[in-house]
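One structure is given here, and the rest of the page talks about it.
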Amino acid sequence: MFELFIAFLKIGSFSVGGGYAMLPIIYQAVEKFGIMTREDFSNLVAISQITPGPVSINTATYAGFEAYGWPGAFLISLAVCLPCAVFTYVAVTILKKNESALAMDMVLHKMKIAGLALIAISGLFLAEGSIYTGSGWSGNFLSQIDPVQTGLCFLTICLYYKTKLGPILLTLLMAALSILIGMIP
0 MFELFIAFLK
10 IGSFSVGGGY
20 AMLPIIYQAV
30 EKFGIMTRED
40 FSNLVAISQI
50 TPGPVSINTA
60 TYAGFEAYGW
70 PGAFLISLAV
80 CLPCAVFTYV
90 AVTILKKNES
100 ALAMDMVLHK
110 MKIAGLALIA
120 ISGLFLAEGS
130 IYTGSGWSGN
140 FLSQIDPVQT
150 GLCFLTICLY
160 YKTKLGPILL
170 TLLMAALSIL
180 IGMIP
(Lines of atoms letter the chains of each structure in order from A and count residues from 1; the text may use other names and numbers.)
(Lines give C-alpha, C1' and ligand atoms only; values in the text may rest on other atoms or scores of the structure.)
Protein backbone atom coordinates (compact mmCIF):
# COMPACT_ATOMS: atom_id res chain seq x y z
CA MET A 1 0.00 0.00 0.00
CA PHE A 2 2.95 2.31 0.69
CA GLU A 3 4.13 2.16 -2.95
CA LEU A 4 0.65 3.05 -4.21
CA PHE A 5 0.43 5.89 -1.67
CA ILE A 6 3.77 7.29 -2.91
CA ALA A 7 2.65 6.94 -6.54
CA PHE A 8 -0.52 8.95 -5.88
CA LEU A 9 1.41 11.46 -3.77
CA LYS A 10 3.56 12.06 -6.86
CA ILE A 11 0.43 12.34 -9.02
CA GLY A 12 -0.98 14.96 -6.68
CA SER A 13 2.36 16.78 -6.63
CA PHE A 14 3.04 17.00 -10.33
CA SER A 15 -0.41 17.19 -11.87
CA VAL A 16 -1.35 20.62 -13.11
CA GLY A 17 -4.70 21.53 -14.63
CA GLY A 18 -7.23 19.83 -12.41
CA GLY A 19 -8.92 16.47 -12.36
CA TYR A 20 -9.16 15.72 -16.05
CA ALA A 21 -5.50 16.56 -16.55
CA MET A 22 -4.64 13.97 -13.90
CA LEU A 23 -6.54 11.09 -15.53
CA PRO A 24 -3.80 9.79 -17.86
CA ILE A 25 -1.31 9.87 -15.00
CA ILE A 26 -3.75 8.09 -12.67
CA TYR A 27 -4.32 5.48 -15.38
CA GLN A 28 -0.57 4.85 -15.65
CA ALA A 29 -0.47 4.17 -11.91
CA VAL A 30 -3.47 1.83 -11.84
CA GLU A 31 -2.10 -0.01 -14.87
CA LYS A 32 1.36 -0.31 -13.29
CA PHE A 33 -0.10 -1.76 -10.09
CA GLY A 34 -2.55 -4.00 -12.00
CA ILE A 35 -5.59 -2.47 -10.31
CA MET A 36 -7.84 -2.27 -13.39
CA THR A 37 -7.91 -2.57 -17.16
CA ARG A 38 -8.15 0.36 -19.58
CA GLU A 39 -11.82 -0.44 -20.21
CA ASP A 40 -12.58 -0.60 -16.47
CA PHE A 41 -10.77 2.71 -15.98
CA SER A 42 -12.69 4.32 -18.84
CA ASN A 43 -15.96 3.13 -17.28
CA LEU A 44 -14.84 4.44 -13.90
CA VAL A 45 -14.17 7.87 -15.40
CA ALA A 46 -17.66 7.88 -16.93
CA ILE A 47 -19.22 7.05 -13.55
CA SER A 48 -17.00 9.60 -11.79
CA GLN A 49 -18.36 12.32 -14.06
CA ILE A 50 -21.88 11.93 -12.69
CA THR A 51 -21.02 11.44 -9.02
CA PRO A 52 -20.45 14.39 -6.69
CA GLY A 53 -16.88 15.58 -6.26
CA PRO A 54 -13.84 16.11 -8.45
CA VAL A 55 -13.25 13.38 -11.02
CA SER A 56 -9.61 12.91 -9.96
CA ILE A 57 -10.52 12.32 -6.32
CA ASN A 58 -13.37 9.97 -7.22
CA THR A 59 -11.10 8.01 -9.53
CA ALA A 60 -8.20 7.85 -7.06
CA THR A 61 -10.52 6.86 -4.22
CA TYR A 62 -11.98 4.01 -6.25
CA ALA A 63 -8.52 2.85 -7.33
CA GLY A 64 -7.42 2.80 -3.68
CA PHE A 65 -10.58 0.92 -2.72
CA GLU A 66 -10.06 -1.64 -5.50
CA ALA A 67 -6.50 -2.26 -4.36
CA TYR A 68 -6.82 -2.18 -0.54
CA GLY A 69 -10.45 -1.66 0.51
CA TRP A 70 -11.52 1.27 2.68
CA PRO A 71 -8.04 1.97 4.13
CA GLY A 72 -6.70 2.19 0.57
CA ALA A 73 -9.54 4.51 -0.47
CA PHE A 74 -8.76 6.86 2.41
CA LEU A 75 -4.97 6.85 2.01
CA ILE A 76 -4.98 7.25 -1.78
CA SER A 77 -7.48 10.12 -1.53
CA LEU A 78 -5.22 11.76 1.05
CA ALA A 79 -2.18 11.20 -1.16
CA VAL A 80 -3.82 13.00 -4.11
CA CYS A 81 -5.12 15.94 -2.02
CA LEU A 82 -2.20 16.57 0.33
CA PRO A 83 0.29 18.07 -2.16
CA CYS A 84 -2.32 20.46 -3.55
CA ALA A 85 -3.18 21.69 -0.06
CA VAL A 86 0.50 22.26 0.77
CA PHE A 87 1.23 23.99 -2.57
CA THR A 88 -1.82 26.22 -2.22
CA TYR A 89 -0.78 27.25 1.28
CA VAL A 90 2.77 28.05 0.12
CA ALA A 91 1.56 29.96 -2.97
CA VAL A 92 -0.91 32.06 -0.96
CA THR A 93 1.77 32.81 1.64
CA ILE A 94 4.22 33.95 -1.04
CA LEU A 95 1.59 36.02 -2.86
CA LYS A 96 0.54 37.76 0.35
CA LYS A 97 4.14 38.71 1.11
CA ASN A 98 4.83 39.98 -2.40
CA GLU A 99 1.59 40.86 -4.16
CA SER A 100 3.33 42.16 -7.29
CA ALA A 101 5.38 39.03 -7.84
CA LEU A 102 6.04 38.98 -11.58
CA ALA A 103 7.81 35.63 -11.29
CA MET A 104 4.74 34.08 -9.67
CA ASP A 105 2.53 35.42 -12.47
CA MET A 106 4.84 33.86 -15.04
CA VAL A 107 4.84 30.52 -13.23
CA LEU A 108 1.04 30.51 -13.02
CA HIS A 109 0.77 31.34 -16.73
CA LYS A 110 3.08 28.44 -17.64
CA MET A 111 1.10 26.13 -15.36
CA LYS A 112 -2.07 27.03 -17.28
CA ILE A 113 -0.38 26.02 -20.53
CA ALA A 114 0.77 22.71 -19.02
CA GLY A 115 -2.75 22.15 -17.65
CA LEU A 116 -4.28 22.74 -21.08
CA ALA A 117 -1.91 20.20 -22.64
CA LEU A 118 -2.72 17.60 -19.98
CA ILE A 119 -6.47 18.15 -20.43
CA ALA A 120 -6.02 17.64 -24.19
CA ILE A 121 -4.21 14.36 -23.47
CA SER A 122 -7.14 13.34 -21.25
CA GLY A 123 -9.49 14.08 -24.14
CA LEU A 124 -7.50 11.75 -26.38
CA PHE A 125 -7.43 9.11 -23.64
CA LEU A 126 -11.22 9.27 -23.24
CA ALA A 127 -11.72 9.26 -27.03
CA GLU A 128 -9.67 6.08 -27.25
CA GLY A 129 -12.03 4.44 -24.78
CA SER A 130 -15.23 5.63 -26.42
CA ILE A 131 -15.33 6.93 -30.01
CA TYR A 132 -12.13 5.30 -31.26
CA THR A 133 -12.40 1.51 -31.42
CA GLY A 134 -8.89 0.70 -32.64
CA SER A 135 -5.73 0.03 -30.72
CA GLY A 136 -3.23 2.85 -30.90
CA TRP A 137 -3.26 5.94 -33.09
CA SER A 138 -1.52 4.49 -36.14
CA GLY A 139 -2.55 3.23 -39.55
CA ASN A 140 -5.95 4.05 -40.99
CA PHE A 141 -7.46 5.20 -37.71
CA LEU A 142 -10.39 6.99 -39.41
CA SER A 143 -11.90 3.61 -40.32
CA GLN A 144 -11.84 2.68 -36.63
CA ILE A 145 -13.88 5.64 -35.40
CA ASP A 146 -17.37 4.70 -34.21
CA PRO A 147 -19.74 7.03 -36.12
CA VAL A 148 -22.58 6.65 -33.61
CA GLN A 149 -20.42 7.49 -30.59
CA THR A 150 -18.79 10.35 -32.51
CA GLY A 151 -22.25 11.69 -33.37
CA LEU A 152 -23.30 11.47 -29.73
CA CYS A 153 -20.12 13.32 -28.73
CA PHE A 154 -20.85 16.18 -31.13
CA LEU A 155 -24.53 16.19 -30.11
CA THR A 156 -23.45 16.55 -26.47
CA ILE A 157 -21.18 19.48 -27.34
CA CYS A 158 -23.95 21.18 -29.34
CA LEU A 159 -26.54 20.65 -26.60
CA TYR A 160 -24.17 22.02 -24.00
CA TYR A 161 -23.53 25.23 -25.90
CA LYS A 162 -27.08 25.70 -27.21
CA THR A 163 -29.08 24.74 -24.10
CA LYS A 164 -26.61 25.21 -21.23
CA LEU A 165 -27.68 21.85 -19.78
CA GLY A 166 -25.40 20.74 -16.96
CA PRO A 167 -22.82 17.97 -17.35
CA ILE A 168 -24.71 15.50 -15.15
CA LEU A 169 -27.94 15.87 -17.10
CA LEU A 170 -26.09 15.69 -20.42
CA THR A 171 -24.24 12.55 -19.33
CA LEU A 172 -27.48 10.86 -18.26
CA LEU A 173 -29.26 11.99 -21.43
CA MET A 174 -26.49 10.64 -23.68
CA ALA A 175 -26.37 7.38 -21.71
CA ALA A 176 -30.12 6.93 -22.23
CA LEU A 177 -29.78 7.78 -25.93
CA SER A 178 -26.89 5.29 -26.27
CA ILE A 179 -29.03 2.57 -24.71
CA LEU A 180 -31.91 3.34 -27.07
CA ILE A 181 -29.60 3.32 -30.10
CA GLY A 182 -28.11 0.03 -28.89
CA MET A 183 -31.58 -1.53 -28.89
CA ILE A 184 -32.00 -0.88 -32.61
CA PRO A 185 -31.32 -4.12 -34.49
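FYI, numbering that gives the first Met the number 0 numbers position 18 of the sequence shown as 17, with every residue one higher than the one before it. The beta-carbon is built from N, C-alpha and C at its ideal position, and this holds for glycine as well.
Problem - Simplified DSSP assignment, three categories, for residue 144 - result: In the structure shown, residue 144 sits in a strand (DSSP, three-state: E or B).
Handout entry: Proximity of residue 130 and residue 145 at Cβ, strictly below 8 Å
Key = Cβ distance < 8 Å, so residue 130 and residue 145 count as in contact.
Handout entry: Limits of the unbroken alpha helix (DSSP H) element including residue 9
Key = Taken as a continuous stretch (DSSP letters only), the alpha helix (DSSP H) holding residue 9 covers 1-13.
Exercise for the section: Determine which residues share a DSSP beta bridge with residue 131 and list them. Expected result: Under DSSP, residue 131 takes part in a beta bridge, and its partners are 144.
Practice task
Could you work out which residue in 61, 92 and 51 is closest to residue 39 when comparing CA atoms only?
Solution key: Selected option, being the one with the closest Cα: 61.
Problem - Delimiting residues of the alpha helix (DSSP H) encompassing residue 18 - result: From DSSP, the alpha helix (DSSP H) with residue 18 extends over 18-31.
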